[in-house]
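Numbering (this note's numbering), first residue to last: 4 to 282. Heads up, the beta-carbon is just placed ideally off N, CA and C, and yes, glycines get one too.
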Amino acid sequence: MSIQYFSPKEEIKSIIEALDQDGATIIERQVSDDLADRVKSELRDSFDRVGRYDESDFNGYRTLRVSSILAKSPSSAELVADPRVIEIADKTLLKHCEAYQIGSLTGIEILPGETDQWLHTDDSIYPIQIGGMELQISALWALDDFTKDNGATRVVLGSHRRHANQRYYETLEDFRRFNPAIDHSNIVQATMPKGSVLLYLGKTLHGGCANDSAAARMGLVNTYSLGWLRQEENQYLNVPREIAEQYPKIIQDLMGYMPHKGLGTYQKPDGRWIDYDPL
Ligand SMILES: O=C(O)CCC(=O)C(=O)O
Ligand SMILES: [Fe+2]
């Protein structure tokens, strides 16, 4: 099997069909090299200063990670609110909520020498599974070319439908043992040029890959989750309010400043209530 690639001009219907069928798909060169380079350079200093603080067996020990992305990289807002990605998130998530939100935003730089990350589902942070309902989707932006050798993400195509065992596997052998029905050829790498975006569902098994090249591979993962779930990353604490106020309304709404019908409401000092206001 191979992952389906689309151009930015492709009809949205075909992209959604591929996402539904395979659990993952790629839009190639959805944004310019210039935008990818801007985000990359805005994040560089943070990767170097704090990138090692999130090392773990799951995250790896040769991988740099940064969060609070909207506090560090103003240009990343263009990725978060990318109209194509938003259209796809609308179609996937608005069936199950009134409004959705940023679940997390994480910069990930896989350094040379890193080994395979555990195959996992991103929605495993939530202790529930509801048949036919996606809790979240992920958009993984390539800020460098993603190649076979430098750590292009592995995706298990079709795993969103068939996979019902564990939510992560430390080794490929474990994965095979628990999922004998999933053919090995369904594990593919999301190779893609800089500026492309890999879209995958919350239930799709995937993981970062070993970096056997001589250069680092930087990506930005943006999850969008149903508006009635708790956000994975606390946007209010991670992004200072003065910075949040500079962003357009769509970004503020996605950060969670827009309540979700009866949840997260607040009363302003002047007494007015802020309640649900659809995007
Ligand atoms: O960096 C990657 O390729 C994927 C990382 C990932 O899936 C995760 O950390 O949840
Ligand atoms: Fe992941």
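So, residue 204 versus residue 137, is the Cβ gap smaller than 7 Å?
The residue given as residue 204 occupies position 201 in the sequence shown. The residue given as residue 137 occupies position 134 in the sequence shown. Yes, these two residues count as a Cβ contact at 7 Å.
Going by the CB atoms, is the gap between residue 152 and residue 216 shorter than 7 Å?
Taking the first residue of the sequence shown as 1, we reach residue 216 at position 213. Taking the first residue of the sequence shown as 1, we reach residue 152 at position 149. For residue 216 and residue 152, yes; Cβs fall inside 7 Å.
Would you kindly check if the distance between the Cβ of residue 263 and the Cβ of residue 101 is under 7 Å?
As a first step, residue 101 is located in the sequence shown; it is residue number 98 there, counting from the start. As a first step, residue 263 is located in the sequence shown; it is residue number 260 there, counting from the start. Contact: yes.
CB of residue 141 within 7 Å of CB of residue 125, strictly
Translated into positions along the sequence shown, residue 141 becomes position 138. Translated into positions along the sequence shown, residue 125 becomes position 122. At a Cβ-Cβ threshold of 7 Å, residue 141 and residue 125 count as neighbours.
Residue 220, enclosing beta strand (DSSP E) - first and last residue
By one-based count along the sequence shown, residue 220 stands at place 217. From DSSP, the beta strand (DSSP E) with residue 220 extends over 220-229.
Flag this pair as touching only if the stretch 223-240 and the stretch 101-117 have three or more C-beta atom pairs under 8 Å; answer yes or no.
Pairwise C-beta distances place the stretch 223-240 in contact with the stretch 101-117, as three or more of them are shorter than 8 Å.
Thinking C-alpha only, which one of 80, 169, 175 and 211 is nearest residue 64?
If you number the sequence shown from 1, residue 64 lands on position 61. Of the candidates 80, 169, 175 and 211, the one whose C-alpha sits nearest the C-alpha of residue 64 is 211.
Per the DSSP calculation, residue 87 is bridged to which residue(s)?
Along the sequence shown, one-based indexing puts residue 87 at 84. Per DSSP, none; premise fails for residue 87.
For a test of your reading of the model: does the CB of residue 54 fall under 6 Å from any non-hydrogen atom of ligand 1? Yes or no.
For this step, residue 54 is matched to residue 51 along the sequence shown. False, no ligand heavy atom lies under 6 Å from that Cβ.
Looking at ligand 1, does it come within less than 6 Å of residue 156, judged from the CB to the closest heavy atom?
Along the sequence shown, read from residue 1 onward, the residue named residue 156 stands at position 153. Relative to ligand 1, the beta carbon of residue 156 is positioned inside 6 Å of a heavy atom.
Looking at C-alpha atoms only, which residue of 251, 269, 274 and 214 is the closest neighbour of residue 77?
Your numbering for residue 77 matches position 74 in the sequence shown. Checking every option, the nearest Cα to that of residue 77 belongs to 251.
Residue burial classification, residue 276 (beta-carbon count within 10 angstroms, cutoff 16)
As a position in the sequence shown, residue 276 is number 273, starting the count at 1. Residue 276 is exposed by the Cβ-count criterion.
Assign residue 180 to buried or exposed, taking buried as 16 or more other Cβ atoms, counted over all protein chains shown, within 10 Å of its Cβ.
As a position in the sequence shown, residue 180 is number 177, starting the count at 1. Under this definition residue 180 is an exposed residue.
Whole-Å CB distance - residue 145 paired with residue 196, under 8 Å assumed:
The residue labelled residue 145 in the question sits at position 142 within the sequence shown. The residue labelled residue 196 in the question sits at position 193 within the sequence shown. Indeed they touch by this definition, with Cβ atoms about 7 Å apart.
Just to confirm the assignment: which complete alpha helix (DSSP H) runs, minimum length 4, are found wholly within the stretch 43-77?
Segments of the alpha helix (DSSP H) lying fully in the stretch 43-77: 72-75.
What does DSSP give as the partner residue(s) for residue 157 in the beta ladder?
As a first step, residue 157 is located in the sequence shown; it is residue number 154 there, counting from the start. 192 and 210.
Leaving out five residues on either side along the sequence, give the residues of the same chain with a beta carbon under 8 Å from the beta carbon of residue 213.
The sequence position of residue 213 within the sequence shown is 210, counting from 1. The answer, listed in chain order, is 117, 118, 119 and 154.
DSSP three-state label for residue 137, please.
As a working mapping, residue 137 is identified with position 134 in the sequence shown. Under the three-state reduction of DSSP, residue 137 is assigned to coil, being neither helix nor strand.
Cα separation between residue 282 and residue 164?
Residue 282 sits at position 279 when you count from the first residue of the sequence shown. Residue 164 sits at position 161 when you count from the first residue of the sequence shown. Here the model assigns residue 282 a pLDDT of 47, short of 50, so the residue's position is not dependable and the matter cannot be decided.
Does the beta carbon of residue 57 fall short of 6 Å from some heavy atom of ligand 2?
By one-based count along the sequence shown, residue 57 stands at place 54. Not under cutoff, so the answer is no.
Let's test the definition: count the other Cβ atoms within 10 Å of the Cβ of residue 98 and tell me whether it reaches 16, buried, or not, exposed.
Position 95 of the sequence shown holds residue 98. Exposed, because fewer than 16 other Cβ atoms sit within 10 Å of the Cβ of residue 98.
Three-way DSSP call (helix, strand, coil) for residue 163 in this model:
In the sequence shown, the residue the question calls residue 163 occupies position 160. Look at residue 163 here: in three-state DSSP terms it is helix.
Flag residue 125 as yes when its Cβ comes closer than 6 Å to any non-hydrogen atom of ligand 2, and as no otherwise.
One-based indexing of the sequence shown puts residue 125 at position 122. For ligand 2, at least one heavy atom lies less than 6 Å from the Cβ of residue 125.
Does the Cβ of residue 80 have 16 or more other Cβ atoms within 10 Å, making it buried, or fewer, making it exposed?
In the sequence shown, residue 80 corresponds to position 77, counting from 1. Residue 80 is buried by the Cβ-count criterion.
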